[in-house]
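Those sequence lines, one after another, are chains A and B. Residue numbers for the first sequence follow my numbering, so the first one is 54 and each next one is one higher. Residue numbers for the second sequence follow my numbering, so the first one is 63 and each next one is one higher.
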Amino acid sequence: MKWVNLIMLDIILGAISLGLLWAVMTVGVFITYRVLNIADLTVEGSIAMGAAIAAKGITVGLNPFISTFIALLGGMVAGLCTGLLHTRLKIPALLSGILTMIALWSVNLRIMGKANISLLRMVTVYSPFEKLGLDKTNSIILLGVLCTAGIISSLYWFFGTEIGSAIRATGNNPHMVRAQGINTDTTIILGLVLSNGLVATSGALIAQSQGYADVQMGTGAIVIGLASVIIGEVLFGKKNFYTRLISLVLGAVTYRVIIALVLKMGMPANDLKLFTAVTVAVALSLPVFKQYLAPIKKSVKGVE
Amino acid sequence: MLNITGVSKTFNPGTVNENTVLRDVSVHLKEGDFVTLIGGNGAGKSTLLNVVAGVFNIDTGSVVIDNSDVTSLPEHKRAAVLGRVFQDPMMGTAANMGIEENLALAYRRGKPRTLKWGVTHKEKGMYRDLLERLELGLEDRLNVKVGLLSGGQRQALTLLMATLKKPKVLLLDEHTAALDPKTAVKVLEISEQLISDNNLTTLMVTHNMRDAIKHGNRLIMMHEGRIVLDINGEEKKRLTVEDLLKRFGRASGAEFSDDRALLS
């Protein structure tokens with residue numbers, strides 16, 4: 054009995070470590086989806102791009118932290134492309150994201166030179182922590198916590214500044230923002246750059262934790278990001294901006310724990326994406342269900 | 063203060079939907095002028111306001127605000143010298159942000175945005191004082207999200223935002239049309255107060271003839287993209303709705319046909 058519990062603990066710790074890395078990406082998705090009110094598909098390409106850049110950097114002998122930083126810059130450039138397509142060339146946001154995503158597929162293959170790169174036995178951002186005596190999972194958790202804490206505090210600060218407020222208002226009401234003398238093209242581009250920078254960083258961290266980068270690893274990433282955002286909002290609330298940011302991390306971790314548990318319970322791994330898509334579809338349609346249920350609830354109350 | 067000269071605008075030129083909304087319109091406002099702009103549906107009133115705000119490009123003519131030609135400036139650059147309130151109470155504010163955050167965005171109109179804190183402590187006191195004067199009880203709800211306010215409260219807040227940083231021209235685009243009559247009166251009172259306190263040059267579009275006559279020192283009536291009446295000073299003070307209808311008929315050769323304007 055005791056070793057069964059230990060295996061469960063292991064699975065859950067693994068899920069938490071993965072969740073923390075995906076939380077960085079979730080924050081990125083939150084910036085576009087909730088703050089800017091844009092469903093940005095660039096993330097599917099930029100997460101793989103982050104992984105590709107970090108893996109390539111590490112295999113050519115760069116410091117893993119520097120490689121991860123270059124991945125961040127790469128993601129920002131990807132966001133800039135989508136932003137320019139959308140604002141300057143007036144291509145709808147969804148399509149702009151798809152265009153960049155498709156282009157990044159080729160770019161990522163160019164960066165890596167092949168479809169995947171193994172990072173086995175390479176020095177990664179987790180190596181310094183392992184040297185301190187932590188095992189792999191705990192190293193990932195520690196770095197994940199440090200990263201997400203740093204990102205949450207800087208974003209909390211940033212979205213409280215004049216520029217940050219302008220970005221938040223843009224997603225709310227672009228007419229009003231222009232009437233206040235702010236160029237909404239600039240705020241949209243800034244948001245996309247920031248978001249994809251975070252997503253690519255997440256990709257870099259994930260690649261180093263799993264020991265390889267793969268050109269396919271972005272497929273379905275947007276749905277996982279949305280699932281995490283929504284789970285976080287439903288379970289942990291969205292009272293103010295600070296709690297919203299924290300709920301993103303908790304949402305991403307919860308998502309991974311749920312996935313680990315359903316896999317443990319025997320769901321075939323191939324059905325994972327179907328499961329995620331259905332979860333997101335249900336979560337997104339909750340307001341509609343609530344609307345249908347409201348009159349029923351009222352009539353039930355009326356009888357009492 | 064505001065010189066609109068020879069402005070024409072046609073939407074969708076060369077298509078079946080071609081629609082000429084402004085035909086060689088010229089209006090000149092002196093500093094402190096409060097002009098009410100009235101006309102039926104499709105007369106071009108709101109379009110004229112959007113021309114000043116720079117929402118779209120014009121085909122001919124020019125717009126000069128305080129001796130600087132803004133004809134080719136985009137909307138967000140002109141905003142530095144303009145205050146705007148829209149017909150739809152949802153349009154003027156950011157619903158998911160607090161009252162103070164909305165005011166803070168407006169307080170920085172025309173200034174480059176930096177990484178300084180978005181709302182400073184000093185501002186909050188100023189916003190509280192200004193909101194107190196509106197007598198809507200908003201002064202104690204600085205952190206409340208604007209989306210939770212009523213249409214009238216949102217419109218009053220938008221007015222305050224539009225005048226927070228004194229604009230060279232204030233543009234009011236039927237800003238009471240979506241409100242119930244009682245609230246509309248209150249919002250018009252607030253407008254009148256803010257305009258006279260700051261001696262603002264104002265262009266107010268309205269559907270309501272009584273409002274157009276009651277407010278401002280000058281009344282302009284438009285019809286089919288042209289200005290057909292321009293009544294000033296003492297003459298405007300003596301004006302009645304009946305006079306206005308008669309003079310409109312003579313000037314345009316048409317009957318004034320806007321039930322909304324006549325019934326209200």
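From the three backbone atoms N, C-alpha and C, an ideal C-beta is built for every residue, glycine too.
key: Per-residue DSSP class, three states only, for serine 253(B)   = helix
key: Delimiting residues of the alpha helix (DSSP H) encompassing aspartate 305(B)   = 303-314
request  = Give the interface partners of glutamate 137(B) over in chain A, defined as CB-CB distance under 7 angstroms, in chain order.
outcome  = Arg231
query = Name the chain A residues whose beta carbon is nearer than 7 angstroms to that of lysine 178(B)?
reply = Thr214, Glu215
query = Are the C-beta of methionine 354(B) and some C-beta of chain A separated by less than 8 angstroms?
reply = Residue 354(B) lies beyond the stretch modelled for chain B, which goes from 63 to 326, so this question has no answer here.
ask   = Just reading off the alpha helix (DSSP H) that phenylalanine 212(A) is part of, what are its end residues?
value = For phenylalanine 212(A), no alpha helix (DSSP H) segment is defined, and its DSSP state is neither H nor E.
key: Interface flag, glycine 234(A) vs chain B, CB-CB below 8 angstroms   = Residue-level contact by beta carbon holds for glycine 234(A) and chain B, with a gap shorter than 8 angstroms.
inquiry  = Using the three-state DSSP reduction, which class does asparagine 65(B) fall into: helix, strand or coil?
reply    = DSSP places asparagine 65(B) in strand when its eight states are reduced to three.
query = With 16 other CB atoms within 10 Å as the buried threshold, where does lysine 71(B) fall?
reply = buried
query = CB-CB under 8 angstroms to glutamate 357(A), same chain, minus the five flanking residues each way: which ones, in chain order?
reply = In this prediction, glutamate 357(A) has a pLDDT of 43, which is less than 50 and means its spatial position is unreliable; what the coordinates show is noted afterwards. No residues qualify anywhere along the chain.
ask   = Which residues, taken in chain order from the region 149-160 of chain B, show a beta carbon closer than 8 angstroms to some beta carbon of chain A?
value = Those would be Met152, Met153, Gly154, Thr155, Ala156, Ala157, Asn158, Met159, in chain order.
ask   = According to the neighbour-count rule (16 or more other Cβ atoms, all chains shown, within 10 Å of its Cβ), is valine 113(A) buried or exposed?
value = Answer is exposed; the Cβ neighbour count stays below 16.
key: Inter-residue Cα distance where the pair is threonine 109(B) and glycine 217(A)   = 32 angstroms
task = Using the Cα positions of leucine 147(A) and methionine 154(A), report the straight-line distance between them to the nearest angstrom.
result = 11 angstroms
inquiry  = Using C-beta distances below 8 angstroms, list every residue in its chain close to arginine 216(B), excluding the 5 sequence neighbours before and after it, in chain order.
reply    = Pro151, Met152, Gly154, Thr155, Val208
inquiry  = For glycine 110(A) and isoleucine 100(A), which I take to be in contact (beta-carbon distance under 8 angstroms), what is that distance rounded to the nearest angstrom?
reply    = About 16 angstroms; that fails the 8 angstroms criterion.
ask   = Within this structure, are the beta carbons of isoleucine 259(A) and isoleucine 69(A) separated by less than 8 angstroms?
value = no
message = Could you give the first and the last residue of the continuous beta strand (DSSP E) run that contains aspartate 86(B)?
response = 81-91
Nearest candidate by alpha-carbon position, reference arginine 278(A), set Leu303(A), Leu187(A), Leu66(A) = It is worth fixing the name first, because residue 278(A) is glycine in this sequence and not arginine. For glycine 278(A), the nearest C-alpha among the options comes from Leu303(A).
task = Kindly list, in the order they appear in chain B, the residues whose Cβ is closer than 8 angstroms to that of alanine 219(A).
result = Within 8 angstroms Cβ-Cβ: Leu167, Arg175.
Counterpart residues of leucine 281(B) in DSSP-defined beta bridges = Thr98(B), Ile293(B), per the DSSP bridge assignment.
request  = Quick one: which unbroken alpha helix (DSSP H) runs of 4-plus residues sit fully inside the region 287-349 of chain A? Chain order, please.
outcome  = 294-317, 325-337
query = With burial defined as no fewer than 16 other Cβ atoms inside 10 Å of the residue's Cβ, what is the status of tyrosine 86(A): buried or exposed?
reply = buried
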